[in-house]
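When we follow our numbering, the leftmost residue of the first sequence carries the number 1481, and every step to the right adds one. Heads up, the beta-carbon is just placed ideally off N, CA and C, and yes, glycines get one too. Have a look at the structure below before the remarks.
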Amino acid sequence: MERIVLHIDMDYFFAQIEERENPQFKGKPVVVGADPKGGKGRGVVSTCNYTARKYGIHSAMPISKAYELCPEAIFLPVNMQLYQKVSEKIMEIIKKYLPRSIPSESEGLLRGSPKWEITSLDEAYLDISFLNSYKKAENLAEKLKKEILEKEKLTCTVGIGPNKLIAKIAAEKAKPRSELRSTTGAKPNGLLIIKPNQVKKFLEPLDIEDLPGIGPKTGMRIAQSLSLRSRHYANAPIRIRDLKKLSKKELVELLGRVGETLYERARGIDEEPVTSEEIIKSIGKEHTFEKDTRDPEIIFSKFDEIIKEIGQELFLTNLYFRTITVICRFTGFETHTKSKTLEKTTRDSEILEKEAKKLLLKFLLENPKLIRLIGLRVKIF
DNA sequence: AAGTTCTTATTAC
DNA sequence: CTAACGGTAATAAGAACTT
């Protein structure tokens, strides 16, 4: 039986919330992320509104560069507490668009059982196969968008397709290109529906990096592999139709297991179920210093803090750990990890502290460079 | 030779 | 001097190690 999957993605989420809370920002460039510190800040842009994008600013850009591009922008710190609260309210709204749970042994097999999946603060999937029609799916999407706008005063973009992959890419493509935005405060607020018979045409002209799982590195490797067999313009984007020229065997040779899924994805195939079952496998904390340092006072007081916070979380969540990993990034962005797996799982914060410090000490003894970042992560059970 | 651990690389939000 | 690049988490692959 064919599925119908909906992907909802809030528009420039953090920045849009800030606009909503501060109407005086309307039409002005808003950048949420690290403190630019007059151009010397070391963090990155988390999210920015579309006015800021006109200056060339985008997510994940170093905040120093964003400041360079538009020093007069409104730079705001990440107010995660607020975004979390807003997220919860939105998810509550979304949840109501699914049929109520049917208490039954054959839950998963019932077409009417509620299937949804929250993938981040601002994204979720809904399995709306029960509607049995794309027309009804469109209707539901319109109503959902309207309710979120009315109740939360926020716009979102929705993609609908026969699986999670297509729904996700559809939502991405439904957001208009940033350069075309005006200063009027217009928001993406999009909706794109790709029916099964449209999937092939939809995917073929897209850039391969539009496929989830292909980032810059994998994109490069595929480009190289393709230009070896046929001449290509050096800077022309590689499209999904080009990717389809590689056989499954070739892709697996090039990319291993990833190649296998990419072969399917290029053809719009994705059987991943929409499911809310998700288990956290590790928890960690890391910190970048304002300046690279070798001062043991600074390094160890921060590390102590990190150890305490993770210890706290383990205690609060009743979780056990067995593997401890310490991350150390030196001057020049050179990053290394050291890990230690214990005999058996434990929740003892003394052990965590002892082992973590041992690992960090090893780093300090074997590498004399200044330290940029330290971090700690534990694998949990 | 197989299983476990350690380390790095890549991706995504 | 030329790049600038956070924090959190998952997954994969291969090297290194035990048994």
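Give me, in chain order, the residues of the same chain whose beta-carbon lies closer than 6 Å to that of residue i; leave out the 5 immediate sequence neighbours on both sides.
i     : result
A1546 : V1511, V1525 and I1537
L1799 : I1860
G1422 : As shown, the chain starts at 1481 and ends at 1861. That puts residue 1422 outside it, with no answer to give.
Y1492 : T1527 and N1529
L1549 : Y1535, G1536 and I1537
E1752 : K1644
A1540 : V1524
Y1743 : K1728 and L1731
L1624 : Y1577
E1652 : none
Counting along the chain, where does the alpha helix (DSSP H) carrying residue i start and finish?
i     : result
F1783 : P1776 to T1797
G1699 : P1696 to S1707
E1730 : K1728 to L1735
D1722 : I1720 to L1723
L1850 : Looking at the DSSP string, L1850 is not in any alpha helix (DSSP H), and its letter there is neither H nor E.
L1683 : V1679 to L1683
E1770 : That residue, E1770, is in no alpha helix (DSSP H); its beta strand (DSSP E) goes S1762 to T1773.
F1493 : F1493 to E1501
Judging by CA-CA distance, which residue of the options is the nearest neighbour of residue i?
i     : options                       : result
F1769 : F1783, G1641 and G1507        : F1783
T1805 : F1780, R1827 and K1837        : K1837
G1812 : L1841, L1839, R1852 and L1822 : R1852
E1684 : K1724, S1539, K1824 and L1629 : K1724
E1846 : K1834, L1624 and T1817        : T1817
K1824 : T1815, R1802 and G1695        : R1802
I1702 : I1778, P1503, L1726 and E1777 : L1726
I1763 : T1773, I1786 and K1771        : I1786
I1779 : F1810, I1759 and E1757        : F1810
K1565 : L1844, F1494, P1503 and L1832 : F1494
G1695 : N1502, L1735 and P1551        : L1735
E1552 : R1580, K1569, E1568 and G1518 : G1518
Q1792 : E1501, S1829, N1715 and D1772 : S1829
T1773 : S1600, A1651, L1844 and L1601 : L1844
L1629 : Q1704, L1822, A1716 and M1490 : M1490
Give me, in chain order, the residues of the same chain whose beta-carbon lies closer than 7 Å to that of residue i; leave out the 5 immediate sequence neighbours on both sides.
i     : result
A1604 : I1488, M1571, I1574, W1596, E1597 and I1598
F1505 : E1498, E1499 and I1554
R1483 : D1607, S1609, P1642 and N1643
K1761 : K1859 and I1860
K1508 : T1531 and I1554
I1543 : G1513, A1514, P1516, G1521, G1523, V1524 and V1525
L1562 : I1497
A1621 : L1486, V1638, I1640 and L1671
P1676 : E1482 and P1642
D1775 : none
Our contact map puts residue i next to residue j with C-beta atoms below 8 Å; I'd like the distance itself, whole angstroms only.
i     : j     : result
K1754 : L1606 : The question names Lys, but residue 1754 in the sequence shown is Val. The Cβ separation is near 7 Å, so the contact holds.
V1732 : I1790 : With a Cβ gap of about 38 Å, V1732 and I1790 do not count as contacting.
D1687 : R1719 : 6 Å
K1788 : L1856 : K1788 to L1856, Cβ: 10 Å. No contact.
I1673 : E1618 : 6 Å
D1722 : L1706 : 6 Å
P1594 : L1578 : 4 Å
L1796 : R1827 : With 8 Å as the limit, L1796 and R1827 do not qualify as a contact, their Cβ atoms being about 11 Å apart.
T1635 : K1681 : About 27 Å separates the two Cβ atoms, so there is no contact after all.
L1839 : K1820 : 6 Å
I1854 : I1807 : 7 Å
To which residues of the same chain is residue i closer than 8 Å at the C-beta, ignoring the five residues directly before and after it?
i     : result
S1692 : Checking the sequence shown, residue 1692 turns out to be Pro, not Ser. L1645, K1648, I1649 and R1745, listed in sequence order.
V1738 : G1693 and T1698
L1708 : none
V1679 : G1641, P1642, I1646 and G1748
E1740 : K1728, L1731 and V1732
K1569 : K1631 and E1632
Y1614 : I1484, I1640, I1673 and K1675
R1580 : P1594
What residue does the beta strand (DSSP E) around residue i start on, and which one ends it?
i     : result
K1824 : E1814 to T1826
R1747 : From DSSP, R1747 is part of no beta strand (DSSP E); its letter is neither H nor E.
V1754 : No beta strand (DSSP E) holds V1754; DSSP gives it neither H nor E.
T1803 : F1801 to F1810
I1488 : V1485 to M1490
I1673 : L1671 to I1673
Got a sec: does the ligand MG put a non-hydrogen atom nearer than 8 Å to the Cβ of residue i?
i     : result
M1541 : You won't find the ligand MG in this model; it holds no ligand whatsoever.
Jot down the residue ranges of each uninterrupted beta strand (DSSP E) in the segment 1570-1649, minimum 3 residues, whole runs only, in chain order. 1596-1600, 1603-1607 and 1636-1641
For a minimum of 3 consecutive residues, which ranges assigned as the beta strand (DSSP E) are wholly contained in the segment 1508-1576? 1510-1513, 1525-1528 and 1554-1556
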